[in-house]
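Input: a single structure, listed below in structure tokens.
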Amino acid sequence: MDDMSSQPWAWDEQTWRNKVDYVRAGRSLKPTRWKNGARCAVALSFDSDHETNELRDGGKSIGRMSQGQYGNRQGVPRILSALAKYDAKATFFVPAVAALLYEDEQRRVVAEGHEIGIHGWIHELNSQLPYEIERDLMFRATDTLERITGVRPVGLRTPSWDFSPSTLRIERELGLLYDSSLMADDDPYELLERGEPTGIVELPVEWIRDDAVYFNMHRFNGLRPHTPPTAVYDIFFREFERAYEEGGLFLLTMHPHVTGYRSRIWILEKLLEEVTRRSDVWVATHAEIAAFVKEQGL
């Protein structure tokens, strides 16, 4: 019989407070105005997972890995073409294994003025790892991306947004500028570790602003999303419109192997058209936005 004292409803106050206080949102870093007086900031991000979603699970499905390869062959080129058309800069979060599979892709992304951020080693789940292994994988991933691109990454998005009790400690050891994995706000804020300000900027994500939840399917898990692209565009655009009204940040997460298809890439293209036609919107990389708000607010 399970020890009843270990059940969450039996925890004393100090126990549940300690769990909550590992990582918290600190002061808001939302500026009164964005760079060059812009009313709103837009941070577009693309998680180039490619084959690592299958590899991470120890899988060997040739079909799922071919879907990951589609992200490299069609998804990333279409995304880069759309960004170039609207002269917009973005951030690509890349697992080290995906970067090693497609080194030329990463060099092209950087050459075209975009940022590459850390996204784990093989899209591992950090909450399943002890501190020593998570740290080793994150440091190796950082070194690998730097070797391939010639630029040392300054930001992390944890794979699957799986943020362990050790992740912030490791980010501090790496000296990172920002994280983009958590969801405590719409706008940037400073991360606290056990109540201590860390100086690390959080650029918050949300599943609402992620293409995968609307489109991804998995035949063996019975996942059959059926959201039409028009509905997804409407959600994303409404998120942007409210961010614009509030003078805040609109951060969008997309995946080359999800949005890169012919019937979906227009979502990104239409958003870029709407965003860039407004002269008072600043479209920038995550690193640029994090550096700006840190300079203004820390």
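Position 200 of the sequence shown, counted from 1, bears residue number 199 in our numbering, the numbering being contiguous throughout. Beta carbons are placed, not taken as given, at the ideal position from N, Cα and C, and that holds for glycine.
Taking every protein chain shown into account, the CB of Pro152 has 16 or more other CB atoms within 10 angstroms, so this residue is buried. Judged by DSSP in its simplified three-state form, Ile147 adopts helix.
Closest by C-alpha distance to Arg139, out of Trp160, Val109 and Val93, is Val93.
For Phe162, there is no enclosing alpha helix (DSSP H), since its DSSP letter is neither H nor E.
The three-state secondary structure of Trp281, taken from DSSP, is strand. In the structure shown, Val153 adopts coil according to DSSP, grouped into three states. For Pro187, the secondary structure class from DSSP, reduced to helix, strand or coil, is coil. Contact annotation: Asp185 and Gly247 have beta-carbon atoms nearer than 8 Å. In this structure, the alpha-carbon of Val231 lies about 15 Å from that of Arg223. The C-beta distance from Glu192 to Val22 rounds to 6 Å, short enough to meet the 8 Å contact threshold. Nearest Cα to Thr229 within the set Arg134, Glu205, Thr258 and Ala89: Thr258.
Here the alpha carbon of Arg106 sits roughly 9 Å from the alpha carbon of Ala98.
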